[in-house]
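Numbering (this note's numbering), first residue to last: 34 to 275.
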Ligand code: PXP
């Protein structure tokens with residue numbers, strides 16, 4: 034099974050919002066990610082609009098050439114947004130205002146009926162739905178019962194494992210959940226906290242078809258681009274003295 038990379042450009046917007054400026058533009062970053070071979074662009078339009086803005090979603094819907102994956106809270110307001118902009122995939126995630134990032138997966142088991150209705154509503158608008166869940170067999174089964182097209186397995190606990198024993202245990206949970214979801218006929222994605230050191234073992238899980246990665250790529254881009262950015266500024270200020 035080939036594996037696809039979804040590049041999450043939220044934190045390009047975080048940098049822009051830190052100054053409420055117009056740059057760096059996540060729309061430009063998305064186009065560059067696609068030119069570099071990304072298979073998908075992922076954004077999370079949060080209720081508090083702390084990074085991605087409605088304007089970004091609107092423009093990205095027009096400019097993304099691959100697939101646009103919209104992460105959003107499972108609310109009627111966000112369903113309206115999805116209907117308006119028609120992303121290629123809607124990923125439902127839990128959302129709490131006070132969290133720094135999405136801390137855990139959706140608890141599908143405890144809200145099966147409302148989620149099933151919301152998924153049906155989205156499906157009626159031709160919007161396929163992925164559920165962001167912890168790698169837990171009960172959650173996988175509950176996602177299937179809700180008629181989700183896909184599950185995205187939360188890799189946060191694997192990424193935060195403090196020792197090799199914990200890491201292997203979390204990896205085993207990802208493997209088992211991926212197998213179970215694929216067996217039930219769902220597509221399987223994974224993401225959250227993946228970086229250049231920890232991605233390989235998750236990418237090797239054959240049932241996983243897609244990884245969504247953001248923070249580590251944006252963080253690396255800042256550093257690999259830093260030398261050039263400083264040189265360009267130096268050249269500009271020195272030229273004005275010549
Ligand atoms: N997948 C989902 C469902 C997410 O909510 C996030 C974070 O927005 C990611 C993937 C990407 O996580 P990270 O930025 O840690 O790579």
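Where is the CB? At the ideal position from N, CA and C, for every residue including glycine. Remember, it's a predicted structure, so these values are computed and weren't measured experimentally.
In its chain, beyond the 5 residues on either side, 112 have a beta carbon closer than 7 angstroms to the beta carbon of residue 154. In this structure, DSSP gives residue 70 a state outside helix and strand, which the three-state scheme calls coil. Put simply, the backbone Cα of residue 200 is about 22 angstroms away from that of residue 139. Rounded to the nearest whole angstrom, the C-alpha separation of residue 269 and residue 103 is 39 angstroms.
Inter-residue distance for residue 206 and residue 168 is about 6 angstroms (C-alpha atoms, whole angstroms). Relative to the ligand PXP, the beta carbon of residue 77 is positioned inside 8 angstroms of a heavy atom. The beta carbon of residue 57 sits closer than 7 angstroms to the beta carbons of 45, 48, 49 from its chain, once the five residues preceding and following it are set aside; these are given in chain order. Annotation for residue 145: 175, 178, 179 place their beta carbon closer than 7 angstroms to its own, counting only its chain and skipping 5 residues before and after. Under the criterion of beta carbons closer than 8 angstroms, residue 246 and residue 227 qualify as touching, at roughly 5 angstroms.
For residue 101 against residue 120, the beta-carbon gap comes to about 5 angstroms, under 8 angstroms, which counts as contact. The alpha-carbon of residue 186 is positioned some 17 angstroms away from that of residue 248. The criterion of a C-beta distance shorter than 9 angstroms is satisfied by residue 162 and residue 122. A distance criterion of 8 angstroms places the beta-carbon of residue 245 in contact range of the ligand PXP, judged by its closest non-hydrogen atom.
DSSP places residue 214 within a helical segment (H, G or I) once states are collapsed to three.
Per DSSP, residue 163 is not a residue of any alpha helix (DSSP H); the beta strand (DSSP E) it occupies stretches across 162-166.
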